[in-house]
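Participant: Protein chains in written order, with the working numbering: chain A, 1 to 162; chain B, 1 to 162; chain C, 1 to 162. The structure is given below, and queries will be raised subsequently.
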Amino acid sequence: MNDERRVQQVLARYVRATDRRDGRAQGALFTDDAIVQIHTRTGPDSYEPVGEPLIGGAGVEYAVTNFMPPHPPGGASHHTTSDHIIDIDGDRAHLNAQFIVFEVRAAARPADGWPAGVSGAQGSVRPIESGYYDTALRRIDGEWKIVHHRVLLDMPIALPGS
Amino acid sequence: MNDERRVQQVLARYVRATDRRDGRAQGALFTDDAIVQIHTRTGPDSYEPVGEPLIGGAGVEYAVTNFMPPHPPGGASHHTTSDHIIDIDGDRAHLNAQFIVFEVRAAARPADGWPAGVSGAQGSVRPIESGYYDTALRRIDGEWKIVHHRVLLDMPIALPGS
Amino acid sequence: MNDERRVQQVLARYVRATDRRDGRAQGALFTDDAIVQIHTRTGPDSYEPVGEPLIGGAGVEYAVTNFMPPHPPGGASHHTTSDHIIDIDGDRAHLNAQFIVFEVRAAARPADGWPAGVSGAQGSVRPIESGYYDTALRRIDGEWKIVHHRVLLDMPIALPGS
Numbered sequence: 001m002n003d004e005r006r007v008q009q010v011l012a013r014y015v016r017a018t019d020r021r022d023g024r025a026q027g028a029l030f031t032d033d034a035i036v037q038i039h040t041r042t043g044p045d046s047y048e049p050v051g052e053p054l055i056g057g058a059g060v061e062y063a064v065t066n067f068m069p070p071h072p073p074g075g076a077s078h079h080t081t082s083d084h085i086i087d088i089d090g091d092r093a094h095l096n097a098q099f100i101v102f103e104v105r106a107a108a109r110p111a112d113g114w115p116a117g118v119s120g121a122q123g124s125v126r127p128i129e130s131g132y133y134d135t136a137l138r139r140i141d142g143e144w145k146i147v148h149h150r151v152l153l154d155m156p157i158a159l160p161g162s
Numbered sequence: 001m002n003d004e005r006r007v008q009q010v011l012a013r014y015v016r017a018t019d020r021r022d023g024r025a026q027g028a029l030f031t032d033d034a035i036v037q038i039h040t041r042t043g044p045d046s047y048e049p050v051g052e053p054l055i056g057g058a059g060v061e062y063a064v065t066n067f068m069p070p071h072p073p074g075g076a077s078h079h080t081t082s083d084h085i086i087d088i089d090g091d092r093a094h095l096n097a098q099f100i101v102f103e104v105r106a107a108a109r110p111a112d113g114w115p116a117g118v119s120g121a122q123g124s125v126r127p128i129e130s131g132y133y134d135t136a137l138r139r140i141d142g143e144w145k146i147v148h149h150r151v152l153l154d155m156p157i158a159l160p161g162s
Numbered sequence: 001m002n003d004e005r006r007v008q009q010v011l012a013r014y015v016r017a018t019d020r021r022d023g024r025a026q027g028a029l030f031t032d033d034a035i036v037q038i039h040t041r042t043g044p045d046s047y048e049p050v051g052e053p054l055i056g057g058a059g060v061e062y063a064v065t066n067f068m069p070p071h072p073p074g075g076a077s078h079h080t081t082s083d084h085i086i087d088i089d090g091d092r093a094h095l096n097a098q099f100i101v102f103e104v105r106a107a108a109r110p111a112d113g114w115p116a117g118v119s120g121a122q123g124s125v126r127p128i129e130s131g132y133y134d135t136a137l138r139r140i141d142g143e144w145k146i147v148h149h150r151v152l153l154d155m156p157i158a159l160p161g162s
């Protein structure tokens with residue numbers, strides 16, 4: 001497997017861990033001193049940081065485990081990434097990717113079955129967030145780990161009391 | 001071309017065949033004894049099979065040709081996949097990918113032309129299904145073929161009388 | 001980096017240039033005599049060209065700079081591509097990809113802050129266009145450039161007076 005694919009698969013594991021709210025799997029993708037910062041877009045080419053950065057795999061694990069709202073029953077999400085631009089320079093790599101987040105809500109089967117005339121998949125899939133991941137990685141003992149991860153969100157985030 | 005890309009392109013041809021309802025092209029991607037099973041999600045990490053598995057390329061071809069509802073006039077779909085995780089071990093491969101299905105409905109141009117003030121693409125694009133493809137492949141005579149394909153759908157499927 | 005990835009990254013830069021309305025970056029991806037033609041779908045396997053083709057990187061740059069409507073304040077877009085099929089033959093390459101275009105509209109933070117109970121990302125992400133990119137490239141002085149680019153749009157386009 002070439003390094004570009006290895007790097008892309010780190011992000012592929014990142015989005016699965018996010019969607020499963022699996023803080024441990026998520027944290028394992030980062031170095032101990034990694035910096036993770038969410039930004040929101042303030043203009044065509046400008047972003048501002050939101051809150052304090054997370055530090056290291058332990059910080060990521062803690063945040064995913066404690067602060068990400070769980071999916072409701074029947075709920076799921078897909079953080080999808082596309083159009084990766086990857087530069088490898090020895091043991092350093094840089095990755096930029098588009099992301100679109102979909103919120104999934106499965107419909108519950110009525111106790112007396114689906115109504116007549118209804119067929120196919122039952123539920124909703126809705127895009128709710130988008131932006132870019134801009135990520136630096138380093139190869140440590142043969143494995144690519146994230147050292148700096150910037151989430152560049154296209155829209156503002158409402159935080160309690162903000 | 002490296003094997004990871006070859007494997008990914010099998011899935012790229014799979015989604016095109018599905019969207020075109022091209023049973024023959026779809027079936028050609030599977031071995032004669034391949035097993036294809038649709039599952040629906042029943043909880044955070046649990047799925048249950050829906051109906052009987054399809055067997056082999058011939059079974060897939062028959063199902064696509066006879067059971068997939070055709071697109072209405074102006075209709076199309078895009079089964080899109082992302083964030084592939086691919087493991088190659090000699091002549092065996094495993095692929096996991098996210099999928100989002102979009103339903104496309106082109107607007108019909110009014111007989112007397114588009115109304116004043118209307119511009120750009122006319123129609124709707126709507127995400128309707130999502131989940132994961134979890135797929136095993138084998139290299140046979142130099143070509144990667146699907147031997148086991150699991151469609152892990154995020155939502156239940158309403159079948160007539162279910 | 002292998003050639004398939006190099007080719008894919010040309011398209012990754014193309015979509016970023018489109019979304020940023022960066023005519024110069026967009027034009028730089030094409031040869032001087034490149035042909036770019038938008039088509040709209042007229043049936044299951046048929047398309048018709050829309051308007052005249054753009055010619056060369058200069059033509060692309062001019063069109064992006066002068067004819068693409070700018071994003072409104074808070075607006076953005078993501079042209080996302082997936083399921084690439086890439087064939088390399090020496091210094092020639094062919095690429096086919098699905099595309100989905102998302103229109104993003106960030107919500108404006110109210111002057112007195114977000115209302116109580118509102119949380120998370122504030123804005124809308126909406127799929128508005130879809131189709132295929134079908135693209136031929138040539139390697140010139142070690143760099144892959146687009147020589148022929150067909151945008152195969154799933155839906156018709158309303159043009160002023162059409």
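Each residue gets a CB set at the ideal place from its N, CA and C atoms; glycine is no exception.
1) Is the Cβ of residue 81(C) closer than 7 Å to any Cβ of chain A?
2) Evaluate residue 81(C) with the Cβ neighbour count: other Cβ atoms within 10 Å of its Cβ, from every protein chain shown; 16 or more gives buried, anything less gives exposed.
3) Around the C-beta of residue 159(A), are 16 or more other C-beta atoms found within 10 angstroms, so that it is buried, or is it exposed?
4) Report the neighbours of residue 17(A) on chain B: residues whose CB is nearer than 8 Å to its CB, in chain order.
5) When burial is assigned at 16 or more other CB atoms within 10 Å of the CB, is residue 130(B) buried or exposed?
6) Would you call the region 138 to 149 of chain A and the region 100 to 115 of chain B in contact, with 3 or more CB pairs under 8 Å?
7) Against chain B, with Cβ distances strictly below 7 Å, would residue 76(A) count as a contact?
8) Closer than 7 Å, CB to CB, is residue 98(C) near chain B or not?
9) Please check if any C-beta of chain A sits within less than 7 Å of the C-beta of residue 110(B).
10) What does residue 149(A) reach in chain C if we use C-beta pairs closer than 7 Å?
11) Could you give the distance in angstroms between the alpha-carbon of residue 21(B) and the alpha-carbon of residue 70(B)?
12) Under 8 Å by Cβ, that's how I've got residue 79(A) and residue 19(A) pegged, so tell me the actual separation to the nearest angstrom.
13) Going by DSSP in three states, residue 19(C) sits in which element: helix, strand or coil?
14) Am I right that residue 56(C) and residue 32(C) are in contact with their C-beta atoms under 8 Å? What's the rounded C-beta distance?
15) Enumerate in chain order the residues of its own chain whose CB-to-CB distance from residue 156(B) is below 6 Å, with the five nearest sequence positions on each side excluded.
16) Would you mind sorting residue 127(A) into buried or exposed? The rule is 16 or more other CB atoms within 10 Å of its CB.
17) On the three-state DSSP scale, how would you describe residue 98(B)?
18) By alpha-carbon positions, which one of 14(A), 35(A), 34(A) ends up nearest to residue 25(A)?
19) Less than 8 Å between the CB atoms is what I'm expecting for residue 146(C) and residue 58(C), so what's the real figure, rounded?
20) Where does residue 11(B) sit, in a helix, a strand or coil, going by DSSP?
21) Count the other CB atoms within 10 Å of the CB of residue 123(C); is the residue buried (16 or more) or exposed (fewer)?
22) Check each residue of the region 43 to 64 of chain B: if its Cβ is closer than 7 Å to any Cβ of chain A, include it; give the result in chain order.
23) Quick one: which unbroken beta strand (DSSP E) runs of 3-plus residues sit fully inside the region 51 to 120 of chain A? Chain order, please.
24) Between residue 114(A) and chain B, is there a C-beta pair that is closer than 7 Å?
25) Whose CA, out of 106(C), 36(C), 63(C), lies closest to the CA of residue 72(C)?
26) Any idea if residue 67(A) is buried or exposed, counting beta-carbon neighbours within 10 angstroms, 16 or more meaning buried?
27) Who are the Cβ neighbours of residue 102(A) in its own chain at under 6 Å, not counting the five residues just before and after it?
28) Grouping DSSP H, G and I as helix and E and B as strand, with all else coil, what is residue 26(C)?
29) Counting only beta-carbon separations shorter than 7 Å, does residue 130(A) have a partner in chain C?
30) DSSP puts residue 131(B) in a beta bridge; with which residues?
31) Tell me the DSSP bridge mates of residue 137(C)?
32) Between residue 121(A) and residue 93(A), what straight-line distance do the alpha-carbon atoms span, to the nearest angstrom?
33) Distance, Cα to Cα, residue 136(C) vs residue 8(C)?
34) Quick one: using the 10 Å Cβ neighbour count with 16 as the cut-off for buried, is residue 76(B) buried or exposed?
35) Buried or exposed, going by whether 16 or more other CB atoms sit within 10 Å of the CB of residue 12(A)?
36) Can you tell me which of 6(B), 1(B), 45(B) puts its alpha carbon nearest to the alpha carbon of residue 153(B)?
Facilitator: The answer reads as follows:
1) yes
2) buried
3) exposed
4) Chain B residues near residue 17(A): none, gap ~11 Å exceeds 8 Å.
5) buried
6) no
7) yes
8) yes
9) no
10) The premise fails here: residue 149(A) is roughly 17 Å from chain C at the closest Cβ pair, so nothing lies under 7 Å.
11) 7 Å
12) 6 Å
13) helix
14) 5 Å
15) 40
16) buried
17) strand
18) 14(A)
19) That belief does not hold up - the Cβ atoms of residue 146(C) and residue 58(C) are roughly 13 Å apart, past 8 Å.
20) helix
21) buried
22) none
23) 75 to 89, 92 to 106
24) yes
25) 106(C)
26) exposed
27) 78, 125, 127
28) helix
29) yes
30) 99(B), 153(B)
31) 93(C), 146(C)
32) 40 Å
33) 12 Å
34) buried
35) buried
36) 45(B)
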